[in-house]
Amino acid sequence: MSDKYKNFNDLKKSEKENCDFKIDYKDIGSKIAIVAPHGGKIEDKTTEIAKLIAGNNCNYYSFIGQKSNNNRDLHITSHKFDEPRALELVGNSEIVIAIHGCMDEQKDEQKKKINYSKKIFIGGLNKDLIDKLQEVLEDASLPISTDQFPGIEPDNICNRATTRVDATGEGVQFELTRSFRDDGILCGKFIAAVSECLKTL
Ligand SMILES: [Zn+2]
């Protein structure tokens, strides 16, 4: 599905802040930022999950869709997402982790439909952190996979941290399927495992 708006400037010509959408963020000066660019009614529960992972330990940002309908209109794809407060926050962070929601049904490389049911897809350019998080989530018996959503565009919001020593900006993104997000117990385990892992960085 293609997006209605090509970037934030385009979006704000038609959508009103604090009416159609709002921005919630907290910069506590942490080196880690947890972001949900498609929060609220755009990708349900991703705002809450991001906020809980951040807790009192990480910076947090969410763009929150709150229209009465057609919230999909507010979706700006991750490598075009350029809302200024998000760019500022990730630019002040060393490590960015983005939280997204996707449908259970996805297509494989041959365009064959696969129903993944409860699944976490991990992607991004930070290979070391991906390996670490993958291990932690496997140890917690959570359904983690790298089969979809590689998140490797350099402009992906998760790859735009700029204060890393090597200034690569490489980050991580999670895509959580609808049924995964609807399972409170699994979400709780996921939030706990990721936040614990981030405390070790
Ligand atoms: Zn998303």
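Residue numbers for the sequence shown follow the numbering used here, so the first one is 4 and each next one is one higher.
Backbone N, C-alpha and C fix where the C-beta goes; we use that ideal spot for every residue, glycine too.
Could you please give the first and the last residue of the uninterrupted beta strand (DSSP E) stretch that includes residue 40?
35-43
Contact belief for residue 164 with residue 96 at Cβ below 8 Å, rounded distance in angstroms
5 Å
Does the beta-carbon of residue 144 have 16 or more other beta-carbons within 10 angstroms, so that it is buried, or is it exposed?
exposed
Bridge partners of residue 105, per DSSP?
180
Could you check if residue 22 is buried or exposed, using at least 16 other CB atoms within 10 Å of its CB as the buried criterion?
exposed
Which residues have their C-beta within less than 6 Å of a heavy atom of ligand 1, listed in chain order?
41, 46, 103
Outcome for residue 120 when other beta-carbon atoms lying within 10 angstroms are tallied against a minimum of 16
exposed
Based on DSSP bridge pairs, tell me the residues matched to residue 175.
100, 127
Same chain, Cβ closer than 6 Å to residue 94, neighbours up to 5 away in sequence not counted
165
Please state if the CB of residue 160 and the CB of residue 128 are separated by a distance shorter than 8 Å.
no
Bridge partners - residue 13, DSSP secondary structure assignment
Beta-bridge pairing links residue 13 to no other residue.
Is the beta carbon of residue 91 less than 8 Å from the beta carbon of residue 26?
no
Residues near residue 62 in its chain [Cβ-Cβ closer than 8 Å; skip 5 each side]:
28, 29, 30, 31, 32, 33, 35, 36, 37, 92, 95, 96
List, from N- to C-terminal side, the beta strand (DSSP E) runs of 3 residues or more that fit wholly inside the stretch 36-85.
62-68
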